[in-house]
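J.:
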Amino acid sequence: MHGVNSMTPISPKLQRRPRWRLHPKLVPYVLLAPFVLLFFIFGLFPLLFSLFLAFQSWEPTSGLANMSYVGLDNFIFTLEDEWFWKSIKNTFWLAAVSGIPQHLIAIPLACVIHAQFKRTRNATVGAYFLPYITSTVAIAMMFSTLFSTDYGLINQVIAGAAQLPLIGSFFPQQPIDWLGESEFIKPAISFVVFWRYVGFNTVLYLAALQTIPKDMYEAATMDGASRWNQFWYITLPSLKPMIYFGVTLTLIGGLQLFEEPFILTGGRGGSDQSGMTTAMYMYRTAFDFNDFGTASALSWILFVFVAVLTWLTNLAFKPKRGET
Amino acid sequence: MHRIGQFAPEFRLSTMFANIRSVVIAVLLSHLTLCAHAQKVLTVAAYPAVDSIIKAALPAWEKKHPGVQVKVISRAYADHHTAMTTALSTSSKPPDVMVLESSYVARFATGGGLEDLGAPPYNLNESKHLFVAFSIDQAKSSTGRLVAIPTDIGPGTLLYRQDLLLKSGLQEADLTNSWDSYIKAGVVIKKSTGAYLVAHARDVKDLIIRGGVKSGEGLYFDAAGHSLVTTERFVKAFELAKRIRDNKLDGKISAWSNEWAEGFRRGHVATQMSGAWIAGHLNNWLAPETKGLWRASQLPENTWAAWGGSFYAIPKAATQKELAWDLIQLMTLNPDRQLEAFKSQDAFPALISVHNDAFFNEPIAFLGQQKARILWREATRHIQAPKVHRLDTFADEVINTELDKVLNQGKDIRLALKDADRLLERRARR
Chain A
1 MHGVNSMTPI SPKLQRRPRW RLHPKLVPYV LLAPFVLLFF IFGLFPLLFS
51 LFLAFQSWEP TSGLANMSYV GLDNFIFTLE DEWFWKSIKN TFWLAAVSGI
101 PQHLIAIPLA CVIHAQFKRT RNATVGAYFL PYITSTVAIA MMFSTLFSTD
151 YGLINQVIAG AAQLPLIGSF FPQQPIDWLG ESEFIKPAIS FVVFWRYVGF
201 NTVLYLAALQ TIPKDMYEAA TMDGASRWNQ FWYITLPSLK PMIYFGVTLT
251 LIGGLQLFEE PFILTGGRGG SDQSGMTTAM YMYRTAFDFN DFGTASALSW
301 ILFVFVAVLT WLTNLAFKPK RGET
Chain B
1001 MHRIGQFAPE FRLSTMFANI RSVVIAVLLS HLTLCAHAQK VLTVAAYPAV
1051 DSIIKAALPA WEKKHPGVQV KVISRAYADH HTAMTTALST SSKPPDVMVL
1101 ESSYVARFAT GGGLEDLGAP PYNLNESKHL FVAFSIDQAK SSTGRLVAIP
1151 TDIGPGTLLY RQDLLLKSGL QEADLTNSWD SYIKAGVVIK KSTGAYLVAH
1201 ARDVKDLIIR GGVKSGEGLY FDAAGHSLVT TERFVKAFEL AKRIRDNKLD
1251 GKISAWSNEW AEGFRRGHVA TQMSGAWIAG HLNNWLAPET KGLWRASQLP
1301 ENTWAAWGGS FYAIPKAATQ KELAWDLIQL MTLNPDRQLE AFKSQDAFPA
1351 LISVHNDAFF NEPIAFLGQQ KARILWREAT RHIQAPKVHR LDTFADEVIN
1401 TELDKVLNQG KDIRLALKDA DRLLERRARR
């Protein structure tokens, strides 16, 4: 390098300082700018716009100029709307029935995979995780076919089971209209949601299990603790932070449930709107009933529900002072 | 380390900005060059199969407007209408021409985002007599503005399985004489063949409430905006739907579901009431293997109703309205284009002059060589379009919900309609 520099004169062009000069203090801001810009456009602006809309009456096909301020009218109308409360009831039912089993199954399942599976462990975890990364549309279409009243596999299995001696009488003798009758729609949707997310929670708990020191189990074994006692007094308390995280995600996801019921019920919520969640009702109010103001008010009321329940989850699961 | 840490980012950023600047200049220059040679582009947003009909007309368009390219943006039916709602709401770069399905025309008509085609420079009022009367009424807003122009219509028809009817020892008249005879025929068909009379009892309700609309009335609301759902029209519709369900004559199958198609393929559904276009769907993809087994008739008890239909509209914020209107005229007022769409896509023409074409007298192989187009043409002369109301979609949902309660939970019909009335009046008062 030294030899070359001494023999080759540096051209004035190369010597010229770059015209674009940026003060080092500004570098972090410039690097952050793309995210901040995108957040403002796609995050903050829609949020504030929906808050603004919640106080307006707006027929969207008239254009942005045709809004009129209605104060709290949209909020009052929503809170007095029986379909809103029906959708809230549906949402809570679906969140509980699809959400609670996810964790009740995922925790023991993760423990079994963690303790028993060695060579096939990754393949097993992958198989459970697969529904989570599969397109919701594909899943819902597949289950629509499985739930078909006359031609679906589920009803065919039930019909076969109904023919069995002794236990046959426990099964319904008529095909079940899973997605057509109000009493079956919610269980059908809950099953699909459960099936889709149980693998995700299993992966969460598997990750947490790997952080528990093995010597705790060794010490417990030496003290004569049974497998059950080890699970109850070591595994479960150690998983508490992950349970808090997992339950919070399930709660928020459950209260915002949209895709599965939307596709399974053809976008209408099914008979007697039994499968219509609040997120679906919000969408329908905006795009089917052309009332963006009420839909925005509805979304903010739903936000309050989500925030309060997340806070309650926080109270229930967050480690107390002095806990590890 | 300190100096490197300070100056390395500066150098890299300056190089990066220089590169970006070069790329931006290059892109701008190439864009300007392209623009200098570019054709005018007319944007049309459509859904299947209207998109195919427009594309088929492009050679004729290019002869008339050699410098104007037509860009057809095609989306699935529901996505298309959601996109059009968004385009109108922001008034930002809407298409020059938008295709709308009949139920959406009513909803979009309540806003002020579409051009009044009855007014100058379009003056559609002067040529509206060229179109089937009810289709023009469908395109009117409650204030009388003509916000769209019809291109195809869906005259209602009853398709029935001739083979199942023969097995049951019945004739077409048994299905069409009256609603009572229709249900009685259904009982015989179920007993003889095991087939359902109809896919869903809701289909019969839909037809009866549409068929009995008085002149000047809406489907769910009167001229003053009061709910009509407690009238005898709705009571009769609910009672007949309940009779069908009580006699187990419907398969509880919703339209456009997998079971619906499978029911047709396997011969489990004996009749289907819909727009005339349903014969084309059955022939093309729903149940082509049932070719020759179906026949068409008028709807029971001389009921006249329309299902669906497509319209063209021009957004107020469109930038090339004159060209848009030219294209729309080509698609709607040109008999050749209308006939071609009918032949290729079963799009029943809204333009009356096409109805006298020899094609209407040709037999239809899927319907056992029946000359069914003559029947459908006759229906177009009787159909009346109910007045539209901004809450029609919501009312449809409310009525279907209450019908479900009547059919599945045994709710009293008059109580169900009273509950529906309460919900509708509450919304209508806002």
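Order-wise, the sequence lines are chains A and B.
Counting with my numbering, you get residues 1 to 324 for the letters of the first sequence.
Counting with my numbering, you get residues 1001 to 1430 for the letters of the second sequence.
Each residue gets a CB set at the ideal place from its N, CA and C atoms; glycine is no exception.
Leaving out the 5 sequence neighbours to the left and right, which residues in its chain are closer than 6 Å to glycine 254 of chain A when beta-carbon positions are compared?
T.: For the purposes of this step, residue 254 of chain A is taken as the residue at position 254 of the first sequence. Correct list, in chain order: Ala95 and Gly99.
J.: Which same chain residues, not among the five before or five after threonine 211 of chain A, have their C-beta less than 8 Å away from its C-beta?
T.: Numbered from its first residue, the first sequence carries residue 211 of chain A at position 211. These residues qualify, in order along the chain: Ser238.
J.: Flag this pair as yes or no: are the beta carbons of tyrosine 217 of chain A and isoleucine 243 of chain A separated by less than 8 Å?
T.: For the purposes of this step, residue 217 of chain A is taken as residue 217 along the first sequence, with counting starting at 1. For the purposes of this step, residue 243 of chain A is taken as residue 243 along the first sequence, with counting starting at 1. Cβ distance not < 8 Å, so tyrosine 217 of chain A and isoleucine 243 of chain A don't count as in contact.
J.: Which residue from B:Glu1362, B:Gln1320, B:Arg1233 and B:Phe1131 puts its Cα closest to that of valine 1068 of chain B?
T.: Locating residue 1068 of chain B in the second sequence gives position 68, where the first residue counts as 1. When only C-alpha atoms are compared, the closest one is B:Gln1320.
J.: Would you mind sorting glutamine 273 of chain A into buried or exposed? The rule is 16 or more other CB atoms within 10 Å of its CB.
T.: For this step, residue 273 of chain A is matched to residue 273 along the first sequence. Flag for glutamine 273 of chain A reads buried.
J.: Quick check: the Cα distance between serine 148 of chain A and serine 1215 of chain B, rounded to an integer number of angstroms?
T.: Within the first sequence, numbered from 1, the residue matching residue 148 of chain A stands at position 148. Within the second sequence, numbered from 1, the residue matching residue 1215 of chain B stands at position 215. Taking the straight line joining both Cα atoms gives about 42 Å.
J.: Name the chain A residues whose beta carbon is nearer than 9 Å to that of glycine 1111 of chain B?
T.: Taking the second sequence and counting its residues from 1, one reaches residue 1111 of chain B at position 111. Glu59, Pro60, Thr61, Ser62, Gly63, Asn66 and Asn290, listed in chain order.
J.: Please decide whether threonine 1143 of chain B counts as near chain A, where near means a Cβ-Cβ distance under 8 Å.
T.: Position 143 of the second sequence, counted from the first residue, corresponds to residue 1143 of chain B. No, no contact with chain A.
J.: Could you spell out where the beta strand (DSSP E) holding valine 1041 of chain B opens and where it closes?
T.: Here residue 1041 of chain B refers to the residue found at position 41 of the second sequence. Segment 1040-1046, the beta strand (DSSP E) holding valine 1041 of chain B.
J.: For a quick check, are the C-beta atoms of alanine 978 of chain B and valine 1388 of chain B less than 8 Å apart?
T.: One cannot answer for residue 978 of chain B here, as it falls past the ends of chain B, which runs 1001 to 1430.
J.: With a cut-off of 8 Å, do at least 3 Cβ pairs link the stretch 150-157 of chain A to the stretch 174-191 of chain A?
T.: Output reads yes: the stretch 174-191 of chain A touches the stretch 150-157 of chain A.
J.: In chain A, which residues lie with their C-beta within 9 Å of the C-beta of glutamate 1262 of chain B?
T.: Taking the second sequence and counting its residues from 1, the one referred to as residue 1262 of chain B is at position 262. Result: Ser148, Asp150 and Tyr151.
J.: For phenylalanine 55 of chain A, which three-state DSSP category applies?
T.: For the purposes of this step, residue 55 of chain A is taken as residue 55 along the first sequence, with counting starting at 1. The answer is coil: DSSP assigns phenylalanine 55 of chain A none of H, G, I, E or B.
J.: Looking at the strands, I want to know which residues DSSP matches up with phenylalanine 262 of chain A.
T.: As a first step, residue 262 of chain A must be located in the first sequence, where it is residue number 262. According to DSSP, which records beta bridges pairwise, phenylalanine 262 of chain A is partnered with nothing at all.
J.: Given 8 Å as the limit, is there contact between the stretch 1138-1145 of chain B and the stretch 1102-1117 of chain B, that is, 3 or more CB pairs closer than that?
T.: Flag = yes, the stretch 1138-1145 of chain B and the stretch 1102-1117 of chain B touch.
J.: Assuming leucine 1164 of chain B contacts glycine 1267 of chain B (C-beta within less than 8 Å), just tell me the rounded distance between them.
T.: Within the second sequence, numbered from 1, the residue matching residue 1164 of chain B stands at position 164. Within the second sequence, numbered from 1, the residue matching residue 1267 of chain B stands at position 267. Confirmed, Cβ separation roughly 7 Å.
J.: What does glutamate 181 of chain A reach in chain B if we use C-beta pairs closer than 7 Å?
T.: Counting from one through the first sequence, the residue named residue 181 of chain A turns up at place 181. Correct list: Asn1408.
J.: Would you list, in chain order, the members of the stretch 235-268 of chain A that have their beta-carbon closer than 9 Å to a beta-carbon of chain C?
T.: The structure shown contains no chain C; the protein chains it does contain are A and B.
J.: Given this structure, state the Cα-to-Cα distance separating valine 1354 of chain B from glutamine 1338 of chain B, to the nearest angstrom.
T.: Position 354 of the second sequence, counted from the start, is the residue given in the question as residue 1354 of chain B. Position 338 of the second sequence, counted from the start, is the residue given in the question as residue 1338 of chain B. Answer to the nearest angstrom: the Cα atoms are 7 Å apart.
J.: From proline 131 of chain A to alanine 54 of chain A, what does the alpha carbon distance come to, in whole angstroms?
T.: Start at 1 with the first residue of the first sequence, and residue 131 of chain A comes out as number 131. Start at 1 with the first residue of the first sequence, and residue 54 of chain A comes out as number 54. Rounded to the nearest angstrom, the two C-alpha atoms are 36 Å apart.
J.: Determine, using beta carbons only, whether aspartate 1404 of chain B comes closer than 8 Å to chain A.
T.: Translated into positions along the second sequence, residue 1404 of chain B becomes position 404. With 8 Å as the cut-off, aspartate 1404 of chain B counts as an interface residue toward chain A.
J.: With DSSP run on the structure shown, which of helix, strand or coil describes threonine 78 of chain A?
T.: Locating residue 78 of chain A in the first sequence gives position 78, where the first residue counts as 1. Helix.
J.: Helix, strand or coil for glycine 1251 of chain B? Go by DSSP, reduced to three states.
T.: Your numbering for residue 1251 of chain B matches position 251 in the second sequence. Reduced to three states, the DSSP call for glycine 1251 of chain B is coil.
J.: With DSSP collapsed to three states, give me the class of isoleucine 1364 of chain B.
T.: Mapped onto the second sequence, residue 1364 of chain B falls at position 364. If DSSP states are grouped into helix, strand and coil, isoleucine 1364 of chain B belongs with the strands.
J.: I'd like the ranges of any alpha helix (DSSP H) spanning at least 4 consecutive residues and lying wholly in the stretch 1286-1338 of chain B.
T.: Fully enclosed alpha helix (DSSP H) runs of 4 or longer: 1321-1333.
J.: Let me check understanding here. Comparing Cα to Cα, which of A:Pro46, A:Ile133 and A:Lys318 lies closest to asparagine 201 of chain A?
T.: By one-based count along the first sequence, residue 201 of chain A stands at place 201. Nearest option by C-alpha distance: A:Ile133.
J.: Using alpha carbons as the reference points, say which of B:Ala1358, B:Thr1332, B:Thr1085 and B:Glu1362 lies closest to leucine 1130 of chain B.
T.: Here the question's residue 1130 of chain B lines up with position 130 in the second sequence. For the residues B:Ala1358, B:Thr1332, B:Thr1085 and B:Glu1362, the minimum Cα distance to leucine 1130 of chain B belongs to B:Thr1332.
J.: Asparagine 945 of chain B CB to nearest chain A CB: under 8 Å?
T.: Residue 945 of chain B is absent from the model: chain B starts at 1001 and stops at 1430.
J.: Given a limit of 7 Å on CB to CB distance, which residues of the stretch 1240-1258 of chain B reach chain A?
T.: Cβ contacts with chain A: Lys1252, Ser1254 and Asn1258.
J.: Thinking just about the alpha-carbon of each residue, which of B:Ala1365, B:Ala1318, B:Gly1194 and B:Lys1063 is nearest to the one in serine 1092 of chain B?
T.: Residue 1092 of chain B sits at position 92 when you count from the first residue of the second sequence. Checked all of B:Ala1365, B:Ala1318, B:Gly1194 and B:Lys1063; the closest Cα to serine 1092 of chain B is B:Ala1318.
J.: Run the CB neighbour count on lysine 1128 of chain B, radius 10 Å, all protein chains shown included, and call it buried at 16 or more, exposed below.
T.: By one-based count along the second sequence, residue 1128 of chain B stands at place 128. Lysine 1128 of chain B should be labelled buried.
J.: Kindly give me the distance between the Cβ atoms of valine 125 of chain A and valine 203 of chain A, rounded to whole angstroms, as I take these residues to be in contact under 8 Å.
T.: As a working note, residue 125 of chain A is residue 125 in the first sequence. As a working note, residue 203 of chain A is residue 203 in the first sequence. That belief holds up - the Cβ atoms of valine 125 of chain A and valine 203 of chain A are roughly 6 Å apart, short of 8 Å.
J.: Can you check whether the CB of leucine 1170 of chain B is closer than 8 Å to the CB of methionine 1273 of chain B?
T.: On the second sequence, position 273 is the one that residue 1273 of chain B refers to. On the second sequence, position 170 is the one that residue 1170 of chain B refers to. Cβ atoms of methionine 1273 of chain B and leucine 1170 of chain B: not closer than 8 Å.
J.: Spell out whether any CB of chain B is found under 8 Å from the CB atom of phenylalanine 77 of chain A.
T.: Position 77 of the first sequence, counted from the start, is the residue given in the question as residue 77 of chain A. At least one chain B Cβ lies under 8 Å of phenylalanine 77 of chain A.
J.: Within 10 angstroms of its Cβ, does valine 112 of chain A collect 16 or more other Cβ (buried), or is it exposed?
T.: In the first sequence, residue 112 of chain A corresponds to position 112, counting from 1. Its Cβ having fewer than 16 others within 10 Å, valine 112 of chain A is exposed.
J.: Give the interface partners of threonine 1393 of chain B over in chain A, defined as CB-CB distance under 7 Å, in chain order.
T.: Along the second sequence, read from residue 1 onward, the residue named residue 1393 of chain B stands at position 393. Within chain A, the residues near threonine 1393 of chain B are Asp288 and Phe289.
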